[in-house]
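Taken in sequence, the protein lines are chains A and B.
With full-length UniProt numbering applied, the first sequence covers 1 to 361.
With full-length UniProt numbering applied, the second sequence covers 1 to 347.
Backbone N, C-alpha and C fix where the C-beta goes; we use that ideal spot for every residue, glycine too.
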Amino acid sequence: MTPAPTQEPTVSVPDTPTETQLLVEPSSMSPRRRVLEGLLRSREFSILVVLLLVIAAATIKNPSFLLSSSGWRDLLLTPSMLILLAVGQAAVIITRNVDLSVGSVLGLTAYLTGRLFIDHPELPMVAVFVAAIVVGGLLGLINGLLVALARVPALVITLGTLYIYRGIVLSWAGSSRINASDLPSGFLSLGTAQVLTIPVLFIVAVAVLVAVGYYLYTARSGREFYAIGSDPDAAVLYGLNVRRRVVGAFVLSGALAGLAGVVFAARYGSVSSDAGTGIELQAVAAVVIGGVAIFGGSGTVWGAALGAVLLVTINRALPMLGIPDFWQQALVGALILSAIVLDRVLAARQSRRLVEARDPS
Amino acid sequence: MTSISRRSAVLGVAALTAGLALTGCTKAATDSGTAGTGAATAAGKLSVVFIPKNLGNPYFDTSDAGGKKAVEALGGTYSEVGPQQASPDGQVQYINTAAQQHVSALVVSANDPKAIGDALNQARKGGTKVVTFDSDTDAQYRDLFINQASPEGLAKVEVDGITKQIGDSGEIAILSASANATNQNAWIDLMKKDLAANHPNVKLVDVVYGNDDDQTSFDKTAALLQTHPNLKGIISPTTVGVAAAARYLSTSDKKVKVALTGLGTPNQMREYVKNGTVNEFYLWNPADLGALAAYAADALVKGKITGKEGDTFTAGSLGDFKVGANQTVLLGDPFAFNAGNIDQFKF
Numbered sequence: 001m002t003p004a005p006t007q008e009p010t011v012s013v014p015d016t017p018t019e020t021q022l023l024v025e026p027s028s029m030s031p032r033r034r035v036l037e038g039l040l041r042s043r044e045f046s047i048l049v050v051l052l053l054v055i056a057a058a059t060i061k062n063p064s065f066l067l068s069s070s071g072w073r074d075l076l077l078t079p080s081m082l083i084l085l086a087v088g089q090a091a092v093i094i095t096r097n098v099d100l101s102v103g104s105v106l107g108l109t110a111y112l113t114g115r116l117f118i119d120h121p122e123l124p125m126v127a128v129f130v131a132a133i134v135v136g137g138l139l140g141l142i143n144g145l146l147v148a149l150a151r152v153p154a155l156v157i158t159l160g161t162l163y164i165y166r167g168i169v170l171s172w173a174g175s176s177r178i179n180a181s182d183l184p185s186g187f188l189s190l191g192t193a194q195v196l197t198i199p200v201l202f203i204v205a206v207a208v209l210v211a212v213g214y215y216l217y218t219a220r221s222g223r224e225f226y227a228i229g230s231d232p233d234a235a236v237l238y239g240l241n242v243r244r245r246v247v248g249a250f251v252l253s254g255a256l257a258g259l260a261g262v263v264f265a266a267r268y269g270s271v272s273s274d275a276g277t278g279i280e281l282q283a284v285a286a287v288v289i290g291g292v293a294i295f296g297g298s299g300t301v302w303g304a305a306l307g308a309v310l311l312v313t314i315n316r317a318l319p320m321l322g323i324p325d326f327w328q329q330a331l332v333g334a335l336i337l338s339a340i341v342l343d344r345v346l347a348a349r350q351s352r353r354l355v356e357a358r359d360p361s
Numbered sequence: 001m002t003s004i005s006r007r008s009a010v011l012g013v014a015a016l017t018a019g020l021a022l023t024g025c026t027k028a029a030t031d032s033g034t035a036g037t038g039a040a041t042a043a044g045k046l047s048v049v050f051i052p053k054n055l056g057n058p059y060f061d062t063s064d065a066g067g068k069k070a071v072e073a074l075g076g077t078y079s080e081v082g083p084q085q086a087s088p089d090g091q092v093q094y095i096n097t098a099a100q101q102h103v104s105a106l107v108v109s110a111n112d113p114k115a116i117g118d119a120l121n122q123a124r125k126g127g128t129k130v131v132t133f134d135s136d137t138d139a140q141y142r143d144l145f146i147n148q149a150s151p152e153g154l155a156k157v158e159v160d161g162i163t164k165q166i167g168d169s170g171e172i173a174i175l176s177a178s179a180n181a182t183n184q185n186a187w188i189d190l191m192k193k194d195l196a197a198n199h200p201n202v203k204l205v206d207v208v209y210g211n212d213d214d215q216t217s218f219d220k221t222a223a224l225l226q227t228h229p230n231l232k233g234i235i236s237p238t239t240v241g242v243a244a245a246a247r248y249l250s251t252s253d254k255k256v257k258v259a260l261t262g263l264g265t266p267n268q269m270r271e272y273v274k275n276g277t278v279n280e281f282y283l284w285n286p287a288d289l290g291a292l293a294a295y296a297a298d299a300l301v302k303g304k305i306t307g308k309e310g311d312t313f314t315a316g317s318l319g320d321f322k323v324g325a326n327q328t329v330l331l332g333d334p335f336a337f338n339a340g341n342i343d344q345f346k347f
């Protein structure tokens, strides 16, 4: 800690590292302040601020956006499905993979949901939920095994299964579709049911978010997701069971896409063979906007969920602010780009700091 | 070595092709393979073969049932054959078979305006009359086309329906399919003209596009209701759009306050007509369409008409019809579905 003897006063003389010196000093701030500062600086917080600004702008323009009963309900209900997908996608992307098949998994399980209600009306609703989650999980397992065992990039594998799973729905459903009159009214009303003004589907999404978020933040195996995404080779050398975690991430993503399929059926009431087409890109966008690095290793599911809410809410708010369709899309694109640029800037700054701390020149 | 592997590759490809061809054959096996009984050939007795776009499609089940009724009322024999999947050339083999049996008429909903043209012309050379319905081929391949609806009729019935429901004044919006769908845009233009000319107090405030996707149409409806708090009515001239809009409306506090109509199918709309979200929506009656096609085929076979413009014929209880330009017969005004009649339709 003491400066070296002054020999060359013109040159700034850094501390010579000694054995006791730490690379990074422990914070001298009080714990409360540290938490607060950490929160304020976090990506999640800045997304939340943008989200609140969007909601505020839309509400000023049209108070019913937030203050009417339908407005409040839709604000929470509309993003519920994408939150589920984004949470699963975040877990996969954190391990430096990606799951592009979720849209097709969603379509398949949404159609399955309808078919189960039509062909087996005696089944309780819970069984249908379980069936969709299990089928989604199995489809995710196929993705995970292919990625983990074949050692082909997940982008390619899941692009393939995107088409295969969609092909299954197309040949199964053909030109037929599930109509609202085919579904039990108890199930349809679940689509808009509320508890203390909070939609049930939103509660389901938040419960999943909290469970996955808690797991990734605290559990040892959850932390391994990050280790794998930061440096897969190092994770292998370190002795982590990379295959198992990667397969686990894909199963989680598939199962959540399966759950999202049931949510789709309950919310929209009709399912055709192209249900959920293209939604995988929204899920990836939500994750990226939410501050999860596309090459894995950092970010949180909280951020991904906020990204999902922001994406959906912007899409709903922009037409109200009088912005035409094309610019809505362009704005979402700009959001994604700025999120990635911000990512790069932060990462570069961070690595510069670490380098400086390691070998002071 | 390479030559061997190349040969085996060729063999493999050949085997695959054969396999595909075989599965294609099995798939295309007919359900109601009664075409063979159409041996009651041209002379005298009427035999009509219906070829829908694909079998097992509730829409064509309804239209062909109407056709069957009409053919039997005329004392002819009816049969229905067709592919399992609506592929462009899947209908060719059924047309060829029917032509070889010299049935007196074919009633076809074309999967492709050109792909089945040669087969149809071959059949016509053999004396079989060809009537298309629902989806036309190019005009040189058939004797008559039975058109389910005219753009003018569809546009007018929807505008009349919505203006009647909102008391002929207030704001309305249109939820369309995609921004570049030709037929949608033609209808929307006609609606705009009709509104401007006949409904000065009704203001069209927005046209939004749901891309014929359940989710997008649903979300666009939500946005419409948010953006235009004084909206009184929505027209959605697309079956996907009107069902998605009805689904959103039925769960919204705007239910009943905002009227909705458009082009829909009974199966998709049943729930919303019964729960009061939608009073009335429109389409043609496929059973009438099938029946008219059958009567037209009969008139052609018996030589009452040749298919040229101005020919007239009677189609049982449907009334009298006149052949218009391009050898086309128009079914008439669209059919209104409402709580009173919706349960008679299963398509």
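Rounded straight-line distance, which links the Cα of residue j to that of residue i
{"i": "B/Q84", "j": "B/A291", "result": "23 Å"}
{"i": "B/K27", "j": "B/L46", "result": "Residue confidence for B/K27 is low, a pLDDT of 39 falling below 50, so the modelled location carries little weight and cannot support an answer."}
{"i": "B/T312", "j": "B/G319", "result": "11 Å"}
{"i": "A/G239", "j": "A/L82", "result": "34 Å"}
{"i": "A/T109", "j": "B/A73", "result": "46 Å"}
{"i": "A/L76", "j": "A/V134", "result": "26 Å"}
{"i": "A/V247", "j": "A/R34", "result": "36 Å"}
{"i": "B/K114", "j": "B/G90", "result": "12 Å"}
{"i": "A/A148", "j": "A/S253", "result": "15 Å"}
{"i": "B/P229", "j": "A/L67", "result": "13 Å"}
{"i": "B/A29", "j": "A/R115", "result": "Caution is warranted here: a pLDDT of 39 is assigned to B/A29, below 50, making its placement in the model unreliable, and the coordinate value is therefore given only provisionally. Between B/A29 and A/R115, the C-alpha separation is close to 26 Å."}
{"i": "A/Q350", "j": "B/A246", "result": "52 Å"}
{"i": "A/V288", "j": "A/A154", "result": "17 Å"}
{"i": "B/K346", "j": "B/A65", "result": "12 Å"}
{"i": "B/Q101", "j": "B/E80", "result": "14 Å"}
{"i": "B/Y78", "j": "B/V258", "result": "46 Å"}
{"i": "A/F117", "j": "A/V105", "result": "18 Å"}
Contact with chain B by residue i, beta-carbon distance below 8 Å
{"i": "A/R316", "result": "yes"}
{"i": "A/G191", "result": "yes"}
{"i": "A/S181", "result": "yes"}
{"i": "A/A275", "result": "yes"}
8 Å Cβ cutoff, residue i in contact with chain A
{"i": "B/A243", "result": "yes"}
{"i": "B/R247", "result": "yes"}
{"i": "B/R124", "result": "no"}
{"i": "B/F218", "result": "yes"}
{"i": "B/A43", "result": "Interpretation of B/A43 is limited by its pLDDT of 49, a score under 50 that renders its predicted location unreliable; the figure taken from the coordinates is listed afterwards. So, not an interface residue."}
{"i": "B/G111", "result": "Inspection of the sequence shows that residue 111 of chain B is occupied by Asn rather than by Gly. Chain A contact via Cβ: absent."}
{"i": "B/P229", "result": "yes"}
{"i": "B/N180", "result": "no"}
{"i": "B/D134", "result": "no"}
{"i": "B/A223", "result": "yes"}
{"i": "B/I188", "result": "no"}
{"i": "B/N96", "result": "no"}
{"i": "B/T328", "result": "no"}
{"i": "B/Q226", "result": "yes"}
Opposing strand residues paired with residue i [DSSP bridges]
{"i": "B/K255", "result": "B/V258"}
{"i": "B/F281", "result": "B/F337"}
{"i": "B/G324", "result": "B/T328"}
{"i": "B/S236", "result": "B/G262"}
{"i": "A/P199", "result": "A/Q194"}
{"i": "B/G170", "result": "B/V202"}
{"i": "residue 350 of chain B", "result": "Residue 350 of chain B lies beyond the range of chain B shown here (1 to 347); nothing can be said about it."}
{"i": "B/I116", "result": "Partner(s): none; B/I116 has no beta bridge."}
C-beta neighbour in chain D for residue i, strict 8 Å
{"i": "B/R270", "result": "No chain D appears in this structure, whose protein chains are A and B."}
Near-chain B residues of the region 159 to 174 of chain A (beta-carbon distance less than 7 Å), N- to C-terminal order: none
Contact between the region 49 to 66 of chain A and the region 176 to 186 of chain A (3+ Cβ pairs under 8 Å): No, the region 49 to 66 of chain A does not touch the region 176 to 186 of chain A.
Chain B contacts made by the region 50 to 77 of chain A, where a contact means CB separation under 8 Å: N62, S64, F65, S68, S69, S70, G71 and D74
Interfacial residues, the region 316 to 334 of chain A to chain B, with Cβ spacing under 7 Å: R316, P319 and M320
Chain B contacts made by the region 248 to 273 of chain A, where a contact means CB separation under 9 Å: F264, R267, Y268, G269, S270, V271 and S272
Residues of the region 333 to 344 of chain B whose Cβ lies closer than 7 Å to any Cβ of chain A, in chain order: none
Validate contact between the region 197 to 211 of chain B and the region 261 to 275 of chain B using beta carbons, cut 8 Å, 3 pairs: no
Validate contact between the region 120 to 138 of chain A and the region 324 to 336 of chain A using beta carbons, cut 8 Å, 3 pairs: no
Inter-stretch contact (C-beta, 8 Å, three-pair minimum) for the region 170 to 180 of chain B and the region 234 to 242 of chain B: yes
The region 320 to 330 of chain B in contact with the region 246 to 256 of chain B per 3-pair CB rule at 8 Å: Contact fails: fewer than three Cβ-Cβ distances are below 8 Å.
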